[in-house]
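K.L.:
Can you keep this structure in mind? I'll have questions shortly.
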Amino acid sequence: YYNPDFLIEGERVRKEGYVSDIITETTLDWLKYKRDPGKPFCVLYHHKAPHREWEPAERHFREFTKKTFREPATLFDDYEGRGTAAKTAEMNILKHQNWAGDSKLYPELMNELGIKETSGWGINAFNNNTGRMDAEQKAAWNEVYNPINEDFKNQYPNMDEKELMSWRYQRYMQDYLGTIAAVDEGVGQVLDYLDEAGLTENTIVVYTSDQGFYLGEHGWFDKRFMYEESFRTPLLVRYPKEIKPGTVINDLVQNLDFAPTFLDYTGIETPTEMQGESFRNLVAGKTTQWRDAVLYTYYEYPSVHMVKRHYGVATNRYKLMHFYYDIDEWEMYDLQTDPMEMKNIYNDPAYADEKEMLHKRLVELREYYGDSDELNDKYLKTYLERTAEK
């Protein structure tokens, strides 16, 4: 986060400053001074800051640490009503976030209080990030985080598990929101430049991510599951020439649709091997014909966070998931009656017709995208062999 290293043309180069600001400045420098103004351009303006360990820019240290955030309704979820996967995942804020790396508890205070770090790299991550600060940054950090640590030291002996969870949730939100504030500012600067340069009308701007993220829902952080908070991914598109401001699309769009859409906008034919669809006409309001369901797969298990392998199908109302490998469990949810996905209705006879429909669509989508149990087994074998070699 602070004074980071960048790989530039094969060389590791340390840049002074805060990572999100550096990425924004580099992007604006290219847009303003290095591109050919007579040619179309494509810029991939990517931020890493929303990922762990959420260390804000110096100017945002105080802003969010003074705030208290409302707890999600499912922060203390006990995972009853769900299957094995939700109960065994290692994503719980209290149990699985790192005390030093994530909650910013000082290692020396952890030793004093007898608190063990959750993972082997938590303290290293904390020391690496704070160790990169210059004297001014470190002084500003200490001014804010020393009192947080001192306050925790005084509270800790009398805190029960629920109070610890609440404390860690607040620490998570304070640092997470403080961190992404610099991302928001940078995006605003890039949009301002496009306006000032007269490029707004003829530039397609896409704001998105690789997945959603748990901010305390179900007591979790991170992502991976097919449940709503990680399944739903931000997607905002600005293109005044074709998209009316304020347009909201509720259809099921996926990241595999991005490339066909960009090619469509630029008049280039989509290669047949691409599996996505252009949503150009959808966002322009020129069609209502679109997919009724999407396929989801997750296969990074056994690995960090221990989320079981699963695949599933989702419509606007229902989800069907199959957790496999070392378990064989099905889950189904009605998002209309259970938007927080607290009750598995897979064995509820009232949903027999819907379950049959979802199973049918799941088979169809797996066939369409070339997915199969045999393919899963093949790559699982390779994955386990590579893991055993490490």
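When you line the sequence shown up against this note's numbering, it's residues 44 to 433, in that order.
Positions of the beta carbon are idealized from the N, C-alpha and C atoms, including for glycine.
Nothing here was measured: the structure is a model prediction, and the numbers come from that model.
Taking 8 Å as the threshold, find out whether the stretch 357-364 comes into contact with the stretch 377-386 through three or more Cβ pairs.
P.N.:
Yes, since at least three Cβ pairs between the stretch 357-364 and the stretch 377-386 fall closer than 8 Å, the two stretches touch.
K.L.:
CA-CA distance, Lys159 and Lys138?
P.N.:
Looking up residue 159 in the sequence shown gives position 116. Looking up residue 138 in the sequence shown gives position 95. Those two C-alpha atoms are separated by around 11 Å.
K.L.:
If we call anything under 8 Å between Cβ atoms a contact, is Leu278 one with Thr251?
P.N.:
As a first step, residue 278 is located in the sequence shown; it is residue number 235 there, counting from the start. As a first step, residue 251 is located in the sequence shown; it is residue number 208 there, counting from the start. Yes, the pair counts as a contact, with Cβ atoms nearer than the cut-off.
K.L.:
Just the Cα atoms here: how many angstroms apart are Thr127 and Glu372?
P.N.:
For the purposes of this step, residue 127 is taken as the residue at position 84 of the sequence shown. For the purposes of this step, residue 372 is taken as the residue at position 329 of the sequence shown. Approximately 8 Å between the Cα atoms of the pair.
K.L.:
Which residues in the same chain as Ser162 place their Cβ atom closer than 7 Å to its Cβ, once the five residues preceding and following it in sequence are excluded?
P.N.:
Residue mapping note: residue 162 aligns to position 119 of the sequence shown, counting from 1. Answer for Ser162: Asn141, listed in chain order.
K.L.:
Using DSSP bridges, identify the partner residues of Ala357.
P.N.:
Locating residue 357 in the sequence shown gives position 314, counting from the first residue. The partner list for Ala357 (beta bridge, DSSP) reads Val337 and Lys362.
K.L.:
Considering only residues of the same chain and omitting the five flanking positions on each side of Asn269, which have a CB-CB separation below 6 Å?
P.N.:
On the sequence shown, position 226 is the one that residue 269 refers to. It is worth fixing the name first, because residue 269 is Met in this sequence and not Asn. Within the same chain, Met269 has close Cβ partners Tyr339, Gly355 and Met364.
K.L.:
So if DSSP puts Glu374 in a beta bridge, which residue, or which two residues, is it bridged to?
P.N.:
In the sequence shown, counting from the first residue as 1, residue 374 sits at position 331. The partner list for Glu374 (beta bridge, DSSP) reads Met364.
K.L.:
Compute the Euclidean distance between the alpha carbons of Leu152 and Asn192, then round it to the nearest angstrom.
P.N.:
As a first step, residue 152 must be located in the sequence shown, where it is residue number 109. As a first step, residue 192 must be located in the sequence shown, where it is residue number 149. Cα-Cα distance, rounded: 8 Å.
K.L.:
Which complete beta strand (DSSP E) runs does the stretch 244-289 hold, if anything under 3 residues is left out?
P.N.:
If we require 3 residues or more, the beta strand (DSSP E) runs fully inside the stretch 244-289 come out as 248-251 and 278-281.
K.L.:
Would the C-beta of Arg275 count as close to the ligand MG, meaning under 7 Å from any of its heavy atoms?
P.N.:
Inclusion of the ligand MG in the displayed structure is not the case, the ligand content being empty and no account of it being possible.
K.L.:
Looking only at C-alpha atoms, which of Glu397, Ile247 and Pro382 sits nearest to Lys287?
P.N.:
Position 244 of the sequence shown holds residue 287. Residue Ile247 is the option with its Cα nearest to Lys287.
K.L.:
Alpha carbons only, please: which of Asn170, Glu206 and Leu242 is nearest the one belonging to Lys82?
P.N.:
Numbered from 1 along the sequence shown, position 39 holds the residue referred to as residue 82. Lys82 has its Cα closest to that of Leu242, out of Asn170, Glu206 and Leu242.
K.L.:
Quick check: the stretch 220-236 against the stretch 59-69, are at least 3 beta-carbon pairs closer than 8 Å?
P.N.:
With the cut-off at 8 Å, the stretch 59-69 and the stretch 220-236 touch.
K.L.:
How many whole angstroms separate the CB atoms of Met208 and Phe119, which I take to be in contact at a CB cut-off of 8 Å?
P.N.:
As a position in the sequence shown, residue 208 is number 165, starting the count at 1. As a position in the sequence shown, residue 119 is number 76, starting the count at 1. With a Cβ gap of about 7 Å, Met208 and Phe119 count as contacting.
K.L.:
By DSSP, does Val326 sit in helix, in strand, or in coil?
P.N.:
Within the sequence shown, the letter at position 283 stands for residue 326. Reduced to three states, the DSSP call for Val326 is helix.
K.L.:
Go through its chain and collect everything with a Cβ distance to Pro303's Cβ below 7 Å, but skip five positions before and after it.
P.N.:
Counting from one through the sequence shown, the residue named residue 303 turns up at place 260. These residues qualify, in order along the chain: Thr313, Met317, Gly319, Glu320 and Ser321.
K.L.:
Taking Phe274 as the reference, which of Lys205, Gln297 and Pro283 has the closest Cα?
P.N.:
Sequence index remark: in the sequence shown, residue 274 carries index 231 (1-based). With distances taken between Cα atoms, Phe274 lies closest to Gln297.
K.L.:
Select from Asp420, Glu96 and Glu101 the residue whose C-alpha is nearest the C-alpha of Gly60.
P.N.:
By 1-based counting over the sequence shown, the position of residue 60 is 17. Out of Asp420, Glu96 and Glu101, Glu101 has the C-alpha closest to the C-alpha of Gly60.
K.L.:
Can you check DSSP and say which residues form a bridge with Tyr149?
P.N.:
Mapped onto the sequence shown, residue 149 falls at position 106. Paired residue(s): none; Tyr149 is not in a bridge.
K.L.:
If you drop the 5 nearest sequence neighbours on each side, which residues of the same chain put their C-beta closer than 6 Å to that of Lys433?
P.N.:
Counting from 1 along the sequence shown, the entry for residue 433 is found at position 390. Nothing meets the Cβ criterion.
K.L.:
Helix, strand or coil, according to DSSP, for Glu384 in the structure here?
P.N.:
Within the sequence shown, numbered from 1, the residue matching residue 384 stands at position 341. Residue state, collapsed to three classes: coil.
K.L.:
Would a C-beta distance cut-off of 8 Å place Gly221 and Ile136 closer than the cut-off?
P.N.:
In the sequence shown, the residue the question calls residue 221 occupies position 178. In the sequence shown, the residue the question calls residue 136 occupies position 93. No; because the gap between Cβ atoms is not below 8 Å, this pair is not in contact.
K.L.:
Is DSSP giving Tyr389 helix, strand or coil here?
P.N.:
As a first step, residue 389 must be located in the sequence shown, where it is residue number 346. Three-state result, Tyr389: coil.
K.L.:
Contact between the stretch 340-351 and the stretch 88-101: three or more CB pairs below 8 Å?
P.N.:
No: fewer than three Cβ pairs fall under 8 Å.
K.L.:
Could you compute how far the alpha carbon of Leu18 sits from the alpha carbon of Gly174?
P.N.:
A query on residue 18 cannot be resolved here, the shown segment of the chain reaching from 44 to 433 and no further.
K.L.:
Rounded to whole angstroms, what's the CA-CA distance from Arg78 to Arg214? Just pull it up for me.
P.N.:
Residue 78 sits at position 35 when you count from the first residue of the sequence shown. Residue 214 sits at position 171 when you count from the first residue of the sequence shown. If you take the alpha carbons of Arg78 and Arg214, they lie about 41 Å apart.
K.L.:
So His348 and Ala132 are in contact, right, with Cβ under 8 Å, and what is the actual spacing, rounded?
P.N.:
As a first step, residue 348 is located in the sequence shown; it is residue number 305 there, counting from the start. As a first step, residue 132 is located in the sequence shown; it is residue number 89 there, counting from the start. Their Cβ separation, rounded to whole angstroms, is 6 Å, which keeps His348 and Ala132 in contact under 8 Å.
K.L.:
Helix, strand or coil for Glu11 per DSSP?
P.N.:
Lying outside 44 to 433, the shown extent of the chain, residue 11 is not represented and no answer is given.
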